[in-house]
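Read top to bottom, the protein sequences are chains A and B.
Per the working numbering, residue 1 is the first one in the first sequence, and the count goes up by one each step.
Per the working numbering, residue 196 is the first one in the second sequence, and the count goes up by one each step.
For glycine and all other residues, C-beta sits at the position ideal for the given N, C-alpha and C.
Here is the structure we will look at, set down as structure tokens.
2 protein chains.
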Amino acid sequence: MPRTQDFDTAEVVGRARDLFWDKGFEATSIPDLERVTGLNRSSLYNAFTSKRGLFDAAVHDYLDRVVRPRLRILTDEPTRSDAASRYYRSLADALAALPDDAPGRGCLLLNSAAGFAAHDDAQRSVVESYQRELSAALTHALRAHDPDASSATLQHRARLLTSLSVSALLLSRVDRDEAVAVAKTAVEQLEEWRP
Amino acid sequence: MPRTQDFDTAEVVGRARDLFWDKGFEATSIPDLERVTGLNRSSLYNAFTSKRGLFDAAVHDYLDRVVRPRLRILTDEPTRSDAASRYYRSLADALAALPDDAPGRGCLLLNSAAGFAAHDDAQRSVVESYQRELSAALTHALRAHDPDASSATLQHRARLLTSLSVSALLLSRVDRDEAVAVAKTAVEQLEEWRP
DNA sequence: TATATACTGAAATGGTCGTTTCACAACCAC
DNA sequence: GTGGTTGTGAAACGACCATTTCAGTATATA
Chain A
1 MPRTQDFDTA EVVGRARDLF WDKGFEATSI PDLERVTGLN RSSLYNAFTS
51 KRGLFDAAVH DYLDRVVRPR LRILTDEPTR SDAASRYYRS LADALAALPD
101 DAPGRGCLLL NSAAGFAAHD DAQRSVVESY QRELSAALTH ALRAHDPDAS
151 SATLQHRARL LTSLSVSALL LSRVDRDEAV AVAKTAVEQL EEWRP
Chain B
196 MPRTQDFDTA EVVGRARDLF WDKGFEATSI PDLERVTGLN RSSLYNAFTS
246 KRGLFDAAVH DYLDRVVRPR LRILTDEPTR SDAASRYYRS LADALAALPD
296 DAPGRGCLLL NSAAGFAAHD DAQRSVVESY QRELSAALTH ALRAHDPDAS
346 SATLQHRARL LTSLSVSALL LSRVDRDEAV AVAKTAVEQL EEWRP
């Protein structure tokens, strides 16, 4: 009976995600979102109920289509002993390849952590669980890297590596070369930890 | 001849700085600034010419009264061999002591890096030079910590420690306990590097 | 005390924000 | 084809934004 929606939801969310990623939640306006999605605001509100609803969809999309595919280098079974190295090499490559003013620099979730997530419980818990997921994946890969390491050692190393990841992503927004160097520092450090 | 200004500029800037620190540049409104400073907008505009002018003054104040005093643990002569450890212990203590919703969590400059600094050359270069200053101070302290380390080793370690600092500050906005743990990870790592 | 100067308060400006409204166009089932 | 339903476009909503204006007030010199 009804008329059918004539846009691809996944593509609309993806374009909105890239804009939020680049500019943050508050600095992204509805006219901006209309422009990048090609949709009128009434369609956006009809599909996502609010700007925040679209942002939440974008965050979900970011986790599914950006974060988790990257983490699979760390978690794919059987886990290679060089999984962590490969992860940081691919991160360094990705950071180096990104043009200076391209969207998709840094991390959508970390950016929100530095911004409104500190005052928004829902977003804060999304960021927390992202942090835990990254940390768990790194711990998993570190265990493959050095099966004899104690769990205290693994936790220590995971915190170090997670921090290098966080720092590289954040720095990539202002100083790409330093961000790449930080990602490579993780690779060097993994060499030192090689059993 | 003229009537004299009847507010303390340093105190006004300090209060504005704490608000920008907590909420970011864009999310802080002029009415907000009027409230925390106790000044009418005409006085603010008269003294700082624009919201951005006040923000720039706040950034300058942040560097002078927050960042550099903290860095003096690392740079004071004669440099103690445990300067870096002391820095991270004091960072961990400061993060642990801060109430959950207090202003002053995280770092004003890193927050801006995750936000508008990526699109604002002036702010970007402020963040870059902050990063360099922190990195240089850490390298200095690391040299005192291990005088025989090569400069490549020092650079590697400085990048690691800088990243732990960046990560701890950013995380402190969403997960204080994990932020404290990250700062303590730096202390542990320095133990491992003890010659 | 007179006066020039600078600070201050209140109100207004023009613009943009997120959201809502409503008429109309498009479609599927019948 | 027709009816009923839903997506879409354009316009309007009130709220808030950063900034400006301007009249009035306080003061330090002369």
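request  = For my contact list, Asp-370/B and Glu-128/A are in at a C-beta cut-off of 8 Å; report their separation, rounded to the angstrom.
outcome  = 5 Å
task = Closer than 7 Å by C-beta to Val-208/B: which residues in its own chain qualify, once you throw out the five before and the five after it? Chain order, please.
result = Ala-252, Ala-253 and Asp-256
query = Does the beta carbon of His-340/B come closer than 9 Å to any beta carbon on chain A?
reply = no
query = If the cut is a Cβ gap below 9 Å, which residues of chain A does Arg-319/B touch?
reply = Arg-173, Val-174 and Asp-175
request  = Name, please, each residue of chain A whose Cβ falls closer than 8 Å to the Cβ of Ala-278/B.
outcome  = Under the 8 Å cutoff, chain A gives no residues; its nearest Cβ is about 20 Å from Ala-278/B.
task = Please list, in chain order, all residues of the same chain as Ala-113/A whose beta carbon is under 6 Å from its beta carbon, the five residues on each side excluded.
result = Closer than 6 Å at Cβ, skipping near neighbours: Val-127.
key: C-alpha gap between Gln-384/B and Ser-320/B, whole angstroms   = Taking the CA atoms as reference points, Gln-384/B sits about 30 Å from Ser-320/B.
message = Here's a check: name, in chain order, each residue in its chain whose Cβ is nearer than 8 Å to the Cβ of Val-382/B, leaving out the five neighbours to either side.
response = Ser-280, Tyr-283, Arg-284 and Ala-287
message = Given this structure, state the Cα-to-Cα distance separating Leu-305/B from Lys-379/B, to the nearest angstrom.
response = 20 Å
ask   = Which bits of chain A does Phe-311/B rub up against, with CB to CB less than 9 Å?
value = Lys-23, Gly-24 and Ala-27
task = Taking only the alpha-carbon atoms, compute the straight-line gap between Thr-153/A and Leu-164/A and give it to the nearest angstrom.
result = The straight-line gap from Cα to Cα measures roughly 17 Å.
key: Any alpha helix (DSSP H) of 4 or more consecutive residues that is wholly inside the region 34 to 73 of chain A   = 41 to 48 and 51 to 62
Collapsed DSSP secondary structure at Ser-29/A in the structure displayed = In the structure shown, Ser-29/A sits in coil (DSSP, three-state: anything other than H, G, I, E or B).
query = Is Ala-278/B helix, strand or coil when you go by DSSP?
reply = helix
key: Residue closest to Ala-339/B, alpha-carbon to alpha-carbon, out of Ile-268/B, Asn-241/B and His-314/B   = Ile-268/B
query = Are the region 296 to 303 of chain B and the region 239 to 249 of chain B touching by the rule of at least three beta carbon pairs closer than 8 Å?
reply = No contact exists between the region 296 to 303 of chain B and the region 239 to 249 of chain B.
task = State the DSSP-derived secondary structure class of Thr-185/A, mapped to helix, strand or coil.
result = helix
ask   = Checking contacts by CB at 9 Å: is Val-262/B closer than that to chain A?
value = no
task = Please state whether DSSP places Asp-328/B in a helix, a strand or coil.
result = The question names Asp, but residue 328/B is Glu in the sequence shown. Correct three-state label for Glu-328/B: helix.
query = alpha helix (DSSP H) containing Ala-158/A: first to last residue?
reply = 151 to 171
ask   = Which class does Gln-200/B belong to by DSSP, given the choice of helix, strand or coil?
value = coil
request  = List the residues of chain B that Ser-151/A touches, going by C-beta distances under 8 Å, in chain order.
outcome  = Under the 8 Å cutoff, chain B gives no residues; its nearest Cβ is about 14 Å from Ser-151/A.
key: Given Arg-389/B as reference, the closest of Leu-337/B, His-351/B and Leu-356/B once Cα atoms are compared   = Leu-337/B
key: Arg-217/A versus Gly-248/B: straight-line alpha-carbon distance, rounded   = Residue 217/A lies beyond the stretch modelled for chain A, which goes from 1 to 195, so this question has no answer here.
ask   = Going by C-alpha distance, which of Val-377/B, Val-375/B and Gln-326/B is nearest Asp-177/A?
value = Gln-326/B
message = Any beta carbon from chain B within less than 9 Å of Asp-148/A's own beta carbon?
response = no
ask   = Taking C-beta to C-beta, are Ala-158/A and Ser-135/A nearer than 9 Å?
value = Cβ atoms of Ala-158/A and Ser-135/A: closer than 9 Å.
task = Select from the region 87 to 115 of chain A all residues with a C-beta closer than 7 Å to any C-beta belonging to chain B, and list them in chain order.
result = Only Arg-105, Gly-106, Leu-110, Asn-111, Ala-113, Ala-114 and Gly-115 from the region 87 to 115 of chain A bring a Cβ to less than 7 Å from some Cβ of chain B.
key: Euclidean distance between Cα positions of Ala-168/A and Asp-259/B   = One C-alpha to the other measures close to 26 Å.
Neighbour-count burial assignment, His-335/B, 16 or more Cβ in a 10 Å radius = buried
Residues near Leu-19/A in its chain [Cβ-Cβ closer than 8 Å; skip 5 each side] = If we look at Leu-19/A and ignore the five residues flanking it on each side, its Cβ neighbours are Thr-28, Asp-32, Leu-33, Val-36 and Pro-103.
query = Between Val-180/A and Ser-172/A, what straight-line distance do the alpha-carbon atoms span, to the nearest angstrom?
reply = So the alpha carbons of these two residues sit roughly 8 Å apart.
message = Among Ser-238/B, Asp-343/B, Ala-332/B and Gly-310/B, whose alpha-carbon lies nearest the alpha-carbon of Leu-365/B?
response = If you compare the alpha carbons of Ser-238/B, Asp-343/B, Ala-332/B and Gly-310/B with that of Leu-365/B, the shortest gap goes to Gly-310/B.
inquiry  = Give me, in chain order, the residues of the same chain whose beta-carbon lies closer than 7 Å to that of Gln-166/A; leave out the 5 immediate sequence neighbours on both sides.
reply    = Just to set this straight, residue 166/A is Val in the shown sequence, not Gln. Same-chain partners within the cutoff: Leu-110.
query = What did DSSP end up calling Arg-389/B once you bin it into helix, strand or coil?
reply = coil
request  = Measure the Cβ-Cβ separation of Thr-199/A and Ala-122/A and say whether it is below 9 Å.
outcome  = Any property of residue 199/A remains undetermined from this structure, which presents chain A solely from 1 to 195.
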